[in-house]
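> Numbering (our numbering), first residue to last: 1 to 287.
Every residue, glycine too, gets a C-beta built ideally from N, C-alpha and C.
Just so we're clear, the structure is a prediction, and the values are computed from it rather than from any experiment.
Just passing along the structure, written as structure tokens.
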């Protein structure tokens, strides 16, 4: 039986969505999934190097890996009225060229931030180090992601919501694309379809069994936050909208890629739906 590497971030929604597989509730037909957890920018960099078969990525990375990886329809995170937060110390007024910590060069929040604040001096840190860097004055501000958007120190305040930047840049009415998953194109198509369907089912099963799964993860010490914060976080990022991308989510991705292209971050303009796994192949083969 083949072993397929599946890499995801250690934040609560990725762990939650994957562990229906880890606990054996859902399994692929002809392979064993082996999971790896790492911070999102490390996963972005690993995907650029082709290290994993299936990997969680920032959506902003995808145009750089489109030739080697197909975009998956599931395990997606979008913000709707919320998202990463640009924070600073309370009462501090930021200069035009303020120094800011971002969670990685290829993260979606970095793309949007750099479009909105072209004069800011950017440094990249592990997402777990950003809050402390702002508190100790290493940087003037930082963009918080994952559970930190709910738990940051009360000495800090929000300068701007990344959601508001997205609305301003996109024209509104679209969810904020944050992260998803991709699959190595060298995997045979019939297997790729099975692996994607397995992940779709896993996210669906996890979502439907949240009241059972969430306490199990907390009991095993797999989550960095308490039960109340986990519940709030899963409401935001592991919900019905995470199971399978919708038309409006594809439109949001296309807008993200359009913004990146127009601002010189991408060489080509792409449409997200052109890079999905062609699931119709399985139906045609069955005939």
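Evaluate the contact criterion for the region 34-51 versus the region 232-245: three or more CB pairs, one atom per stretch, below 8 Å.
As far as the Cβ criterion goes, the region 34-51 does not touch the region 232-245, which means the pair count is below three.
> In the region 133-217, which residue ranges form an unbroken alpha helix (DSSP H) of at least 4 residues, counting only runs that do not cross its ends?
Counting only runs of 4 or more, we get 148-151, 162-170 and 189-208.
> Whole angstroms are fine: how far does the CA of residue 267 sit from the CA of residue 216?
Looking at the two C-alpha atoms, the distance is approximately 45 Å.
> Looking at the unbroken beta strand (DSSP E) that takes in residue 272, where does it start and where does it end?
Taken as a continuous stretch (DSSP letters only), residue 272 belongs to no beta strand (DSSP E), as it is neither H nor E.
> Which runs of the alpha helix (DSSP H) fall wholly inside the region 223-264 and span at least 4 residues, in chain order?
Listed in chain order, they are 227-237, 240-243 and 247-262.
> Is it true that the CB of residue 206 sits closer than 7 Å to the CB of residue 17?
Their beta carbons are under 7 Å apart, which means residue 17 touches residue 206 by this criterion.
> Nearest CA to the CA of residue 124: which residue from 107, 136, 112 and 137?
Per the Cα distances, 107.
> Output needed for residue 102: all residues of its chain with C-beta closer than 7 Å, excluding positions within five of it in sequence on either side, in chain order.
Once the five neighbours on either side are set aside, the close Cβ partners of residue 102 are 109, 110, 113, 122, 124 and 143.
> Taking the runs of the beta strand (DSSP E) that are 3 residues or longer, which of them lie wholly in the region 57-123?
Listed in chain order, the complete beta strand (DSSP E) runs (minimum 3 residues) inside the region 57-123 are 69-71, 77-79, 85-89 and 99-102.
> List the DSSP bridge partners of residue 35.
Answer is 6, bridged to residue 35.
> Going by Cα to Cα distance, which pick from 226, 33 and 139 is closest to residue 88?
For the residues 226, 33 and 139, the minimum Cα distance to residue 88 belongs to 139.
> To the nearest whole angstrom, what separates the beta carbons of residue 179 and residue 7, a pair I think is in contact under 8 Å?
Rounded, the Cβ-Cβ distance is 12 Å, inconsistent with contact.
> Measuring only the C-alpha atoms, how far is residue 58 from residue 91?
Those two C-alpha atoms are separated by around 32 Å.
> State yes or no: is the C-beta of residue 75 within less than 7 Å of the C-beta of residue 199?
Contact flag set, yes.
> Output needed for residue 230: all residues of its chain with C-beta closer than 7 Å, excluding positions within five of it in sequence on either side, in chain order.
Contacts found: 12, 214, 218 and 223.
> Report yes or no: do the region 59-70 and the region 179-189 share at least 3 C-beta pairs separated by less than 8 Å?
Touching, per the Cβ criterion.
> Using C-beta distances below 8 Å, list every residue in its chain close to residue 156, excluding the 5 sequence neighbours before and after it, in chain order.
The residues are 87, 88, 89, 90, 131, 134 and 135.
> Evaluate residue 186 with the Cβ neighbour count: other Cβ atoms within 10 Å of its Cβ, from every protein chain shown; 16 or more gives buried, anything less gives exposed.
With fewer than 16 Cβ atoms within 10 Å of its Cβ, residue 186 is classed as exposed.
> Output the boundary residues of the alpha helix (DSSP H) element that contains residue 16.
First-last of the alpha helix (DSSP H) with residue 16: 12-22.
> Apart from the five residues just before and just after residue 210, which ones in its own chain have a Cβ nearer than 7 Å to its Cβ?
Contacts found: 234.
> Using a 10 Å radius around the Cβ and a threshold of 16 neighbouring Cβ atoms, would you call residue 227 buried or exposed?
When all chains shown are included, residue 227 counts as exposed.
> For chain E, find out if any of its Cβ atoms is closer than 7 Å to the Cβ of residue 74; answer yes or no.
Looking at the structure shown, chain E is missing, and only one protein chain is on hand.
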